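Undergrad:
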Amino acid sequence: MIVVKFKYNAFAIRKIIYIFSFLVNITVLGQFHKTGHKYKESVLAISEKISGYSGHFGNYKTVYPYVKKYSICKDFLSFKTSKVKMDNLEAKYKISEKERQDVRTQSQREKVVLQNENQQLLNWLFGVGLVIFLLIIIFLAYMVKNNKKLNFRKLKEVEQQQQLKLTQAMLEGEERERERIARDLHDGLGGALSGIKLKLSAQQKKENIPEIDLVILQLENSISELRRISRDLMPESLLRSGLETALHDLCSSQNQEDVAIEFQSTGIFNTIPLSCQVNIYRIIQELLSNAIQHSGADKILLQCIREERSFYITIEDNGCGFDPKNIRNTKGIGWSNIRNRVNYMKGKLEIDSVILKRTIINIELNI
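Those letters in the sequence shown? Residues 5 to 371, per this note's numbering, in order.
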């Protein structure tokens, strides 16, 4: 039984050795493929058993070549296995190195992207800061300029207030002086002339001298002129009856044979402050005087209209006209007084004059 088994094993061994030799040849030639790799462990195990069996039966000469081949094959397969492992490790190392390189590359890219983002953020912050800085500079410049304008405006307002106070004081002083002169003329000189007239009239009744009649007539004319001057200086009708009546009386007194004055009024009531009434009266008085004395007109139209807080004056004549620019160069006090009173009442003055045809003067006053 042992012999049969051995013969059977010997036959299998020879077959395996043949396969083993074929695999070894393939491996040596560098053609170690999947089939040889699949049976390499089995071949090695069988070769080892053959060596053992041959040694057991004492057939050392026969077994030696197989032992030698077994050793060579084992060493070679071990080398190939190690080499495969080395190759695998090297491949893994290369893969790992590539992955690390990819990681480093990705890290560098992310770093560059982060740097770019940081630079963009810095640029944006710098731009925003620059814009804010410029806005602050512009705001400060605007504030400085606005403060200069405000200070200049305040200075102008102070100057205007001072000018108004000065004009008011001047006008009030002028009115007081007019009132004093008018009272002195009316009560003093007017009374004296009236007394002289009475004495001469009494003497004329006794002696009937023609020259005395002539003197009495001259005295009457002088008294009438004195009363007119006194009335112009301080119109009693303005104090007694108001502005509208005073203007009617003024136009009536200024009417002459060769000059017709027409007066039209709308909405003039006594609710206007007395100081404003006096200023309006003085302005119209001066305008009528200029038209009568300098225009050579035979028709003069005066219109006065009151609307709430405004008072409008229009005076029109058919005289010779004049150049409004020449008013600034005139040395007369008439236009200076008119401008002062208009400015004092915060009004406006417009002149429309055509030489040799007409003159229209419009004045708007705040009351």
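From the three backbone atoms N, C-alpha and C, an ideal C-beta is built for every residue, glycine too. Only a predicted model underlies this, so the values are computations on that prediction, with no experimental measurement involved.
Smallest Cα separation from Pro-328: which of Ala-301, Ser-314, Leu-353?
TA: Comparing Cα-Cα distances from Pro-328 to each of Ala-301, Ser-314, Leu-353, the minimum goes to Leu-353.
Undergrad: Check for me: the alpha helix (DSSP H) holding Cys-255 runs from which residue to which?
TA: Start and end: 247-258.
Undergrad: Where does Thr-109 fall in DSSP's three states?
TA: Helix at Thr-109.
Undergrad: What runs of the alpha helix (DSSP H), each 4 residues or longer, lie entirely inside the region 155-212?
TA: If we require 4 residues or more, the alpha helix (DSSP H) runs fully inside the region 155-212 come out as 194-211.
Undergrad: Kindly indicate the opening and closing residues of the beta strand (DSSP E) around Val-358.
TA: First-last of the beta strand (DSSP E) with Val-358: 352-358.
Undergrad: Alpha carbon to alpha carbon, how far is Lys-152 from Tyr-285? Give it in angstroms, no decimals.
TA: Approximately 41 Å between the Cα atoms of the pair.
Undergrad: Going by alpha carbons, who is nearest to Leu-254 out of Arg-231, Gly-271, Ile-276?
TA: Of the listed residues, the one whose Cα sits closest to Leu-254 is Arg-231.
Undergrad: Can you find the residues in the same chain that come closer than 7 Å, C-beta to C-beta, to Gln-258, ignoring five residues on each side of it along the sequence?
TA: Ile-265, Leu-292, Ile-296, listed in sequence order.
Undergrad: Within 10 angstroms of its Cβ, does Ser-86 collect 16 or more other Cβ (buried), or is it exposed?
TA: Label assigned to Ser-86: exposed.
Undergrad: Return the chain-ordered ranges of every beta strand (DSSP E) run that is complete within the region 223-304 and spans a minimum of 3 residues.
TA: Qualifying beta strand (DSSP E) stretches, in chain order: 264-270.
Undergrad: For the alpha helix (DSSP H) that Arg-345 lies in, which residues bound it at each end?
TA: Its alpha helix (DSSP H) spans residues 337-348.
Undergrad: Should Asp-302 and Val-358 be called a contact, given that it needs their Cβ atoms to be closer than 8 Å?
TA: Against a cut-off of 8 Å, the Cβ pair of Val-358 and Asp-302 comes out as no contact.
Undergrad: Can at least three beta-carbon pairs, one atom from the region 266-282 and one from the region 306-326, be found at a separation below 8 Å?
TA: Yes: at least three Cβ pairs fall under 8 Å.
Undergrad: Determine, using beta carbons only, whether Arg-362 and Asn-322 come nearer to each other than 8 Å.
TA: Yes. Within cutoff.
Undergrad: Given that a residue counts as buried once 16 or more other Cβ atoms are within 10 Å of its Cβ, and exposed if not, what is Arg-235?
TA: Under this definition Arg-235 is a buried residue.
Undergrad: Could you check if Val-282 is buried or exposed, using at least 16 other CB atoms within 10 Å of its CB as the buried criterion?
TA: Label assigned to Val-282: buried.
Undergrad: Count the other CB atoms, across all protein chains shown, that sit within 10 Å of the CB of Gln-289; report buried if there are 16 or more and exposed otherwise.
TA: That one is buried.
Undergrad: Under 8 Å, do Ile-227 and Glu-248 count as touching if we go by C-beta distance?
TA: Taking 8 Å as the Cβ cut-off, Ile-227 and Glu-248 do not qualify as a contacting pair.
Undergrad: What would DSSP say about Asp-321, mapped onto helix, strand or coil?
TA: Three-state DSSP puts Asp-321 in a strand.
Undergrad: If you draw a straight line from the C-alpha of Glu-312 to the C-alpha of Ile-200, how long is it?
TA: In a straight line, the C-alpha of Glu-312 is about 51 Å away from that of Ile-200.
Undergrad: Report yes or no: do three or more beta-carbon pairs, one from the region 339-350 and one from the region 166-181, lie closer than 8 Å?
TA: Contact holds: three or more Cβ-Cβ distances are below 8 Å.
Undergrad: Please classify Ala-145 as buried or exposed, where buried requires at least 16 other C-beta atoms within 10 Å of its C-beta.
TA: Classification for Ala-145: exposed.
Undergrad: On the CB-based measure, 16 or more other CB atoms within 10 Å of its CB, does Phe-315 come out buried or exposed?
TA: Buried, because 16 or more other Cβ atoms sit within 10 Å of the Cβ of Phe-315.
Undergrad: Quickly, what does DSSP pair Arg-310 with across the bridge? List them, please.
TA: Beta-bridge pairing links Arg-310 to Phe-315.
Undergrad: Use the C-beta contact count for Ala-3: other C-beta atoms within 10 angstroms, 16 or more gives buried, fewer gives exposed.
TA: The structure shown does not extend to residue 3, since the chain is modelled only from 5 through 371, so no value can be given for it.
Undergrad: From Ile-355 to Gly-325, what distance separates their C-alpha atoms?
TA: The alpha-carbon atoms of Ile-355 and Gly-325 are separated by roughly 10 Å.
Undergrad: I need the DSSP call for Ile-371, collapsed to helix, strand or coil.
TA: DSSP places Ile-371 in coil when its eight states are reduced to three.
Undergrad: Using the C-alpha atoms, what's the distance from Leu-139 back to Leu-154?
TA: Those two C-alpha atoms are separated by around 21 Å.
Undergrad: Between the Cα of Gln-172 and those of Arg-343, Glu-368, Ile-367, spot the shortest distance and give me the residue it belongs to.
TA: Here the closest residue by C-alpha is Arg-343.
Undergrad: Here's the rule I'm using: 16 or more other beta-carbon atoms within 10 Å means buried, otherwise exposed. How should Ser-256 be labelled?
TA: With fewer than 16 Cβ atoms within 10 Å of its Cβ, Ser-256 is classed as exposed.
Undergrad: For the putative contact between Ile-337 and Ile-287, defined by C-beta atoms under 8 Å, what is the C-beta separation to the nearest angstrom?
TA: Going by Cβ atoms, the distance from Ile-337 to Ile-287 rounds to 14 Å, so no, they are not a contact pair.
Undergrad: Leaving out five residues before and five after Leu-129 in sequence, what residues of the same chain have Cβ atoms less than 8 Å from its Cβ?
TA: So no residue of the chain qualifies.
Undergrad: Return the residue from the list Leu-237, Gly-300, Glu-261, Val-107 that minimises the CA-CA distance to Leu-189.
TA: Comparing Cα positions, the closest option is Leu-237.
Undergrad: Nearest CA to the CA of Arg-184: which residue from Ser-299, Ile-233, Ser-245, Val-132?
TA: Arg-184 has its Cα closest to that of Ile-233, out of Ser-299, Ile-233, Ser-245, Val-132.
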